[in-house]
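Engineer: Numbering (my numbering), first residue to last: 25 to 207.
Backbone N, C-alpha and C define an ideal beta-carbon position, used for all residues, glycine too.
Pasting in a structure now, in C-alpha cells, and then I'll have a few things to ask.
This is the structure we're talking about:
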C-alpha cells in the first residue's frame, strides 16, 4: 500500500520556504502546485559517462525548479511550461519501465519540489522489485531537511554547484543565499 502524500499547505521543501499552500492548488516559486508534474522520462545517453554508461540513465525530468536560472538549458521544463500531471502510481510505473528497459540507474532531475511524491513512488517501486541506484540530479539548492529525507533513497548526488558569489546568484537565479545553502 503506497504511503500517503503530504502535500504542503505551507511549502518549505526548498530553501526559499515560500509558504505556498500547494494543498489548495497554489503554486510556489518553483511553479509546482498540488500535483506531481513531469516533462520527460526516457533513457538518457548524454549524461556524464559514469552515470549513463552504455545503456543510458533512466532520467525523469520534473517540471518547475527551485532555482529557475535565467540561463537554464532546460528552460521550458524548469519554468514549468512543459510537462504533464502524473500520479505517484504512474511515476512508480515509469521507474519500473525504465528498469525493465535496461536503464543503468534512475536519474531524478530537479525533483525537490516533488519530494513527497518521489519518495512515495520509490517506496512503491521497491515493493515491486525496483533495485536500480538512484541519482539525484540537482542544482545544489536543497534544505538540510530534504537531504536528510532522501537518506536511504539516493545513492548518487549529482549536484551542479552554480554560484560562489551571492550577488551573481541573486542576479541570475534570485537566490542570494545560494552560496551559504549549497556549501
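With residue 56 and residue 33 assumed to form a contact (beta carbons below 8 Å), what rounded beta-carbon distance in angstroms separates them?
Structural biologist: Not really, about 14 Å apart at Cβ, beyond 8 Å.
Engineer: Between residue 130 and residue 159, how many whole angstroms is the CB-CB distance? I'm expecting something under 8 Å.
Structural biologist: That pair is a contact at about 7 Å.
Engineer: Between the region 148-158 and the region 87-103, do three or more beta carbon pairs fall short of 8 Å?
Structural biologist: No, they do not touch.
Engineer: In its own chain, which residues sit with a C-beta less than 6 Å from the C-beta of residue 69, not counting the 5 before and 5 after it?
Structural biologist: Closer than 6 Å at Cβ, skipping near neighbours: 76 and 80.
Engineer: From residue 110 to residue 54, what does the alpha carbon distance come to, in whole angstroms?
Structural biologist: Distance between the alpha carbons of residue 110 and residue 54 is about 17 Å.
Engineer: Locate the alpha helix (DSSP H) running through residue 202, then write down its first and last residues.
Structural biologist: 202-206 is the span of the alpha helix (DSSP H), which, as asked, contains residue 202.
Engineer: Among residues of its own chain, excluding the 5 on either side of residue 173, which ones have a beta-carbon nearer than 8 Å to its beta-carbon?
Structural biologist: Closer than 8 Å at the Cβ level, and outside the excluded window around residue 173, lie 139 and 143.
Engineer: What do you get for residue 187, buried or exposed, if any count of 16 or more other CB atoms within 10 angstroms of its CB means buried?
Structural biologist: Its Cβ being crowded by 16 or more others within 10 Å, residue 187 is buried.
Engineer: Taking just the CA atoms, how far does residue 202 sit from residue 157?
Structural biologist: The straight-line gap from Cα to Cα measures roughly 28 Å.
Engineer: Write down every uninterrupted run of the beta strand (DSSP E) in the region 109-180 whose length is 3 residues or greater and which is fully enclosed by it, in chain order.
Structural biologist: 130-133 and 158-162, all fully within the region 109-180.
Engineer: What would DSSP say about residue 25, mapped onto helix, strand or coil?
Structural biologist: Residue confidence for residue 25 is low, a pLDDT of 45 falling below 50, so the modelled location carries little weight; the figure read from the coordinates is stated next. Residue 25 falls in the coil class under three-state DSSP.
Engineer: What's the call for residue 176, buried or exposed, on a 16-neighbour Cβ count within 10 Å?
Structural biologist: Exposed is the call here.
Engineer: Would you call residue 94 buried or exposed, if buried means 16 or more other Cβ atoms sit within 10 Å of its Cβ?
Structural biologist: With fewer than 16 Cβ atoms within 10 Å of its Cβ, residue 94 is classed as exposed.
Engineer: With DSSP run on the structure shown, which of helix, strand or coil describes residue 79?
Structural biologist: Note: residue 79 maps to coil in three-state DSSP.
Engineer: Mapping DSSP to helix, strand and coil, what is residue 188?
Structural biologist: It is coil, neither helix nor strand.
Engineer: Beta-carbon within less than 8 Å of residue 169's beta-carbon, same chain only, minus the 5 sequence neighbours each way: which residues are those?
Structural biologist: Once the five neighbours on either side are set aside, the close Cβ partners of residue 169 are 36.
Engineer: So, for residue 145: in the same chain, excluding its five sequence neighbours on each side, which residues have a beta-carbon less than 7 Å away from its beta-carbon?
Structural biologist: Once the five neighbours on either side are set aside, the close Cβ partners of residue 145 are 112, 115, 116 and 119.
Engineer: What is the DSSP secondary structure of residue 196, reduced to helix, strand or coil?
Structural biologist: Three-state result, residue 196: helix.
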